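Chains as they are written, first to last, in the numbering used here: chain R, 13 to 217; chain H, 13 to 217.
Glycine residues also receive a C-beta, built at the ideal position from the N, C-alpha and C atoms.
All values reported here derive from a predicted model rather than from experimental measurement.
Protein chains: 2
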Amino acid sequence: MIQQYSSALLERAVDEFAKLPGVGRKTAMRLVLHLLRLDVGKIDTFTQAVSTLCHNVHYCHVCHNISDEDTCQICASPSRDKSQICVVENVQDVMAIEQTQQYRGLYHVLGGVISPMDGIGPHQLEIDSLVDRVDSGGIKEIIFALSSTMEGDATSFYISRKLKPFPDVMLTVLSRGMSINDELQYTDEVTLGRSLANRVPFTGM
Amino acid sequence: MIQQYSSALLERAVDEFAKLPGVGRKTAMRLVLHLLRLDVGKIDTFTQAVSTLCHNVHYCHVCHNISDEDTCQICASPSRDKSQICVVENVQDVMAIEQTQQYRGLYHVLGGVISPMDGIGPHQLEIDSLVDRVDSGGIKEIIFALSSTMEGDATSFYISRKLKPFPDVMLTVLSRGMSINDELQYTDEVTLGRSLANRVPFTGM
């Protein structure tokens, strides 16, 4: 019987693409055949962009966000409020919050949440470095902006215990409730219950 | 305002992934962050597999399938029936037919179908080289295995006209009808009509 792929090089490239998350072998084949139709120059641009990033990536030594320098633009910016730290799970969360254009403080990227099921304990996360930042002074507020899951809540709780020695630092958490434009009847009961319990004064919006 | 990406290198890699078909910016970001979590060695394996393929790819000079040699394994195999040529649109189609394990002849990869809407005319396809293969003799049957679309049908028709000078070569086309395991009531009317018109003697399966 003839092997599935007519070219070992093709098979190797498809294998590599199929290792990416959410990419099956058929999608991998489609992507590789797309690349094959491009000029060799464009392929080089593609592989070099990936390679350059992975060989030269920096993480900000303050907040652990991905950066081109040792200190990221947000931490280095004189216009950001250095007394606020927003604690997030990953780099995408920083981007999501930046896109709201509602936050002018700094960040702290944990690199995940505590999840014993996945073998992730507090020491694999950037929790000690957060405590060090608070310890070095000048911080007025820590905003927990983690996922609204058991793991996210447990992580916020763990960090709040670690921050016990700093009673002057205010700890806050993102509000939870109905999403904007949600219809009440389709909101799940836990969210609706939380929304009701955490109701706020009506200001006429 | 801070730019969307905290790193220009990150943005460049995401840009490159987002150029792939069916990959949006969010997916591209997810793929790039996945790669960033890997060892640098694995990244190099990934980029080298892509690069090596695209720099060293060969197309079989007989059937135009992707190959590591000038003649592909199928065309070079002594056990294949060299009097049959199955005409397909692309490399994936060869793989699909090989996987049925029902075909022992050769292939001819056109590289697409005639599609004036996409600016693809007969001369961008490997049609002349197919006529040359037939002209050089020894071919008994051409099997049209193109997509069951207007473009596929038009391409088969165009090629059949080009093969008029070879009346001894039998032209066949894949049968069309209900898919195996399809329920009759859910089969579309055109397919069902074609299935009825092309009914075959009942052999008790």
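Applying a beta-carbon distance threshold of less than 7 Å, which residues of chain R neighbour V100/H?
Those do not exist, as V100/H stays about 12 Å from chain R at its closest Cβ, beyond 7 Å.
Kindly list, in the order they appear in chain R, the residues whose Cβ is closer than 8 Å to that of P33/H.
R42, L43, H46
Partner residues on chain H for S79/R, Cβ-Cβ distance less than 8 Å:
S18, S19
Is there a C-beta anywhere in chain R that falls below 9 Å from the one on A25/H?
yes
Assuming G149/H and K94/H form a contact by the criterion Cβ under 8 Å, report the distance between their Cβ atoms to the nearest whole angstrom.
Their Cβ separation, rounded to whole angstroms, is 11 Å, which puts G149/H and K94/H out of contact at 8 Å.
In the DSSP assignment, what residue or residues form a beta bridge with G150/H?
Note: G150/H sits in no beta bridge, so no partner.
On the DSSP bridge list, what partners appear for F156/R?
V99/R, V185/R
So, is the C-beta of V52/H closer than 9 Å to a C-beta in chain R?
yes
Look up V202/R in the DSSP assignment and give the residues it is bridged to.
According to DSSP, V202/R bridges with nothing at all.
Residues, ordered as in the chain, of the region 67-78 of chain R that lie near chain H by beta-carbon distance below 7 Å:
H67, N68, V69, N77, I78
Relative to chain R, which residues along the region 85-96 of chain H have a C-beta separation below 7 Å, given in chain order?
Q85, I86
Interfacial residues, the region 108-136 of chain H to chain R, with Cβ spacing under 8 Å
E110, Q111, Q113
8 Å Cβ shell around G36/H - same chain, five flanking residues per side excluded
A30
How would you call M107/H, buried or exposed, if buried means at least 16 neighbouring beta carbons within 10 angstroms?
buried
Can you name the residues that DSSP bridges to G117/H?
D93/H
Under the DSSP definition of a beta bridge, which residues are partnered with S79/H?
H70/H
Would you call the CB atoms of T215/H and S207/H closer than 9 Å?
no
Give a yes or no on whether 9 Å exceeds the smallest Cβ distance from V106/R to chain H.
yes
Stretch pair the region 77-93 of chain R + the region 65-74 of chain H: three plus CB contacts closer than 8 Å
no
Using only the alpha-carbon positions, how far apart do E28/H and F178/H sit?
48 Å
Name the one or two DSSP bridge partners that S172/H has.
S172/H is not bridged to any residue.
Can you tell me which residues form a DSSP beta bridge with I132/H?
S127/H
Counting pairs of beta carbons, one from the region 118-127 of chain H and one from the region 155-167 of chain H, are three or more of them closer than 8 Å?
yes
Would F58/H pass as a contact of V26/R if the rule is Cβ separation under 9 Å?
no
In terms of residue numbering, what span does the alpha helix (DSSP H) encompassing L43/R cover?
37-48
Note down the Cα distance separating D140/R from K176/R, rounded to an integer number of angstroms.
13 Å
Backbone secondary structure at Q85/R - three-state DSSP:
helix
Just to make sure I have the definition right: I need the residues of chain R whose C-beta is within less than 7 Å of the C-beta of L22/H. Which are they?
L65, I78
Top-ranked residue by Cα proximity to F156/H, from D51/H, E23/H, S187/H, A88/H:
S187/H
With a cut-off of 9 Å, does the C-beta of I155/H fall near any C-beta of chain R?
no
Is M41/H near the ligand HEM, in the sense that its beta carbon is under 8 Å from a heavy atom of that ligand?
Here there are no bound small molecules, and the ligand HEM is not part of this structure.
Between the region 17-24 of chain H and the region 76-85 of chain R, do at least 3 Cβ pairs fall closer than 8 Å?
yes
Nearest by alpha-carbon distance to R42/H: which of D144/R, D105/R, K54/R is it?
D105/R
Leaving out five residues before and five after H120/R in sequence, what residues of the same chain have Cβ atoms less than 6 Å from its Cβ?
C75, I97, V99, L142
Using the C-alpha atoms, what's the distance from L65/H back to T83/R?
38 Å
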